[in-house]
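Notes to accompany the following structure.
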Amino acid sequence: MGLRLVFFLVCFCAGSLAALHAQQTSIQSVGGGDAWLLSAGEMSYAIGINDAKMPQTLYWGSRIGSVAGLPPARMHPEIASQEPPVATTPLEYTAWSSGGLPYEPALKAAFPDGNRSMTLRFDHAEQKGSAMLELTLRDQVEPVFVHLYYQLYPQGILARWSEIENRSKVVVTLENAASATWNLPPDPRYQLESLTGRWGGEFQLQRETIHPGASVLESRRGHTSHQTNPWFQVTAAGATTENAGPVWFGELGWSGSWRISVEEVESHAVRVTGGYNPFDFAYPLAPGALLATPHFYAGYTSAGEGEASRILHRFQQEAILPQAPHPRPRPVLYNSWEATGFDVNEAGQMSLIERAARLGVERFVIDDGWFGQRKNDHAGLGDWYVNPDKFPHGLKPVIERVHALGMDFGIWVEPEMVNPDSDLYRKHPDWAMHFPGQPRTEMRNQLMLNLARPDVRAYVFGFLDELVSKNDIAFLKWDYNRIWAEPGWEEVPLAEQKTIYVKYVENLYSILVELRRKHPKLEIESCSSGGGRVDLGILRDTDQVWPSDNTDALDRLTIQDGFSHAYTTGIMMAWTTDVPNFLDARSVPLLFRFHVAMSGSLGVGNSLNKWTDAEMQLATEQIAYYKSIRPLVQQGLLYRLTPALATPGHWATEYVAPDRSQAVVFAYLQATAYGEPFPIIRLEGLEPAATYVLTPQDRTKAPLLPQQATGAELMGSGIRLQLRGDYQSTVVTLKRQ
Ligand code: DGJ
623 MGLRLVFFLV
633 CFCAGSLAAL
643 HAQQTSIQSV
653 GGGDAWLLSA
663 GEMSYAIGIN
673 DAKMPQTLYW
683 GSRIGSVAGL
693 PPARMHPEIA
703 SQEPPVATTP
713 LEYTAWSSGG
723 LPYEPALKAA
733 FPDGNRSMTL
743 RFDHAEQKGS
753 AMLELTLRDQ
763 VEPVFVHLYY
773 QLYPQGILAR
783 WSEIENRSKV
793 VVTLENAASA
803 TWNLPPDPRY
813 QLESLTGRWG
823 GEFQLQRETI
833 HPGASVLESR
843 RGHTSHQTNP
853 WFQVTAAGAT
863 TENAGPVWFG
873 ELGWSGSWRI
883 SVEEVESHAV
893 RVTGGYNPFD
903 FAYPLAPGAL
913 LATPHFYAGY
923 TSAGEGEASR
933 ILHRFQQEAI
943 LPQAPHPRPR
953 PVLYNSWEAT
963 GFDVNEAGQM
973 SLIERAARLG
983 VERFVIDDGW
993 FGQRKNDHAG
1003 LGDWYVNPDK
1013 FPHGLKPVIE
1023 RVHALGMDFG
1033 IWVEPEMVNP
1043 DSDLYRKHPD
1053 WAMHFPGQPR
1063 TEMRNQLMLN
1073 LARPDVRAYV
1083 FGFLDELVSK
1093 NDIAFLKWDY
1103 NRIWAEPGWE
1113 EVPLAEQKTI
1123 YVKYVENLYS
1133 ILVELRRKHP
1143 KLEIESCSSG
1153 GGRVDLGILR
1163 DTDQVWPSDN
1173 TDALDRLTIQ
1183 DGFSHAYTTG
1193 IMMAWTTDVP
1203 NFLDARSVPL
1213 LFRFHVAMSG
1223 SLGVGNSLNK
1233 WTDAEMQLAT
1243 EQIAYYKSIR
1253 PLVQQGLLYR
1263 LTPALATPGH
1273 WATEYVAPDR
1283 SQAVVFAYLQ
1293 ATAYGEPFPI
1303 IRLEGLEPAA
1313 TYVLTPQDRT
1323 KAPLLPQQAT
1333 GAELMGSGIR
1343 LQLRGDYQST
1353 VVTLKRQ
């Protein structure tokens, strides 16, 4: 049998052509080179140049073979003098005030002669292979060009971004520079889903009806933010569920201030414009200069919210993360932050190292408190030398002991910050972000370094490079614990000072890239008082994230569920910690805490010296068990069996191997009420005809579980678990026979 035939049969047996398409990206140029059909995975996206020479969205939806059935690209006629054609035509990239655009523009610029109007018309197109299209537009008067990039990924993702190039002889100041506008076809059923939150309560899934006007998702805080994550999803009320129906989704790759505007325009059409946050934004482009906007990734599925998440997860694993397409498994780590706070020292960490190694921990991490004069959060940030009172022999003996016990070593840093009580600040007060003559707002007693400055960038890279070069460090927990205030930059000319919003983040990324290049084995976690810096920009150079400082297992179920809508759980660190929980004062059983943490990338943050033998044993067993299911949890296909917003108090999550040969199911119960049994769990994603052997972690919680059943049975009639009481949980694994 030829290889091609084998390949076809495998795909066909999997039940759909999805696997075939998933391998393919294609760009068809049609209509004499003025229309394009872009396809990736199960999605197609069509663009045409209309009669006004403006690129217009023709289609965004399920994969199609040709543009033959689509309406031609044509400017909509003026319906009323209140709604000009640029307002009603789904244009790909709009500049203000072209034709009287009343909605969120992608681009807004100011010229030195007072002109603030641009009208972008198609200039030329360039196709590179089957995955990249570049459309170049030009202002109808000035030689200012905009390059629109369309990059397809086989997972079913289209990345769009723009580059604005000034070929004129004058400085052009950009006041608004978006990556892209995504146009959705008119539909009155649209609802917007987003992830909002706060410190200790990140990734809360919100759903709202899209109505005329704008919903704005944004951060003005200088970083991604806890309050809103740069992810959106548009669904159709009554049609979209977890397992079926249309979902248009997208996320921005940017770790600074950002904005995504979701606007319902004429006749229930929706446009989603995103990129740099235009608030306090001004980016002067000198003659010959160019500004690139962040990547804005998007996809479409007709198979529901779960499939939208799985597309994103796979895309992140295979195309975004530093080790893509094969991210290394996340090691089980120990970190004593919740147990010891700033009180880290050689003796204390040494005794924790011994206990952690006995549990089967693979990475030992020293958190905040090891450097400078850091006794609490009032001092030390900026002084990255090992505190001689706490570690009189330096880090060497600690690291050697960690290695001797078979673990690798990680350490906490917060490179972008400085305490006023530090040698660094005393020497370089001008390095802290500030406006001249204005008070400097402290948060957590710290100021922000202005990383946009080349000397600050050099300092930050220098100390990190030295730390990693002089010590055998496998992992950095890179923290960031405040938001911006007074974002001044007085060392550059006034007109350039607001470029701080872009240049700060560019320097952050360039430090990460350079550090990783120089230390290829180094892994990095993005942490920002929990989940304040999780986005597809930072994820290109970091291996894992800390989703929340909230480690209460019950709250974590909701946080982790929300997280999974936008990001792969393979990067989602989750620790067990002591009870009563520091935030909620809630005490849940250790097994429940483990099971919640094991549905992400497991870490342990308990006071190990206080654990009883029984607790040590439970933890050892669960860590060993976790290692056996880790490939499924970290790289499998996630099925949320009890979607958020639907079943309070019960959760079930399933991870299925991409080849459907194995699966693991986690089930959690907050509290039994009225004696009601735990609901039947209908599994997903299995091969219907295959027989699976089921192995519960604890038979007493699954007395009715069959030893084996077909995929069809498990997905049809489901499984019954006996979870009764408060904070009960269990795990079941499945293996195809
Ligand atoms: C905030 C982080 O989210 C915590 O995990 C911990 O590292 C502290 N900072 C340390 O200051």
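Here the numbering used here is used: the first residue of the sequence shown is 623, the next is one more, and so on. A virtual CB, placed ideally from N, CA and C, is assigned to each residue, including glycine. Every value quoted in this text rests on a predicted model; they were computed, and no experiment measured them.
Remark: the C-beta of E1038 is outside contact range of ligand 1, defined as less than 8 Å to any heavy atom. Between ligand 1 and the CB of W959, the shortest heavy atom gap is smaller than 8 Å.
The set of residues with any CB-heavy atom separation to ligand 1 below 6 Å comprises, in chain order, W959, D989, D990, W1034, D1101, N1103, C1149, S1151, G1152, W1168, D1171. T1191: not part of any beta strand (DSSP E); DSSP gives it neither H nor E.
Taking the Cα positions, I669 is about 17 Å away from G751. Nearest to G1002 by alpha-carbon distance, out of L680, L742, Y1047, Q1292, is Y1047.
Cβ-Cβ separation between L981 and T1242: approximately 5 Å, consistent with a contact (criterion under 8 Å). In the three-state DSSP reduction, S1229 falls in the coil class, being neither helix nor strand. In this structure, N1231 is the residue among N1231, S648, D1348, W682 with its C-alpha nearest to the C-alpha of A961. Boundaries for N1041: no beta strand (DSSP E) harbours it, and the DSSP string shows neither H nor E there. Each of E864, F854, G910 was checked against the Cα of V892, and the nearest Cα belongs to F854. If you look at G1084, you'll find it in the alpha helix (DSSP H) that goes 1076-1092. Residue state for P1051 is assigned as helix, using DSSP reduced to three classes.
Cβ neighbours of T716 within its own chain (closer than 6 Å, five residues either side excluded): L723, P727, A728.
Here the segment 1150-1162 lies against the segment 809-825, with 3 or more beta-carbon pairs under 8 Å apart. Per DSSP, the unbroken beta strand (DSSP E) holding T803 starts and ends at 794-806.
Contact between the segment 926-944 and the segment 854-869 is present: three or more C-beta pairs spanning the two stretches fall below 8 Å. For N851 against T679, the beta-carbon gap comes to about 25 Å, at or over 8 Å, which does not count as contact. Shown here, N957 sits in a strand according to DSSP, grouped into three states.
Look at H1217 here: in three-state DSSP terms it is helix.
Around the beta carbon of H746, fewer than 16 other beta carbons sit within 10 angstroms, so the residue counts as exposed. With at least 16 other beta carbons inside 10 angstroms of its own, K1323 counts as buried. Contact between the segment 1337-1349 and the segment 1300-1317 is present, with at least three C-beta pairs closer than 8 Å. In terms of Cβ geometry, L839 and R782 do not form a close pair [threshold 9 Å]. In this model, I1302 and D1200 are separated by some 32 Å (Cα to Cα). Taking every protein chain shown into account, the CB of Y771 has 16 or more other CB atoms within 10 angstroms, so this residue is buried. Under the three-state reduction of DSSP, Y715 is assigned to coil, being neither helix nor strand.
With a cutoff of 9 Å on beta-carbon distance, L1098 and E1136 are scored as not near each other.
Straight across, the Cα-Cα distance linking S1148 with G1159 is about 11 Å.
The C-beta separation of I1105 from H845 comes to about 7 Å, placing the pair in contact by the 8 Å criterion. Pairing E885 with Y1007 gives a Cβ-Cβ distance that is not under 9 Å. Residue pairing of T863 in beta bridges, as defined by DSSP: absent, with no partner found. An exposed status is given to K1018, since fewer than 16 other beta-carbon atoms sit within 10 Å of its beta-carbon.
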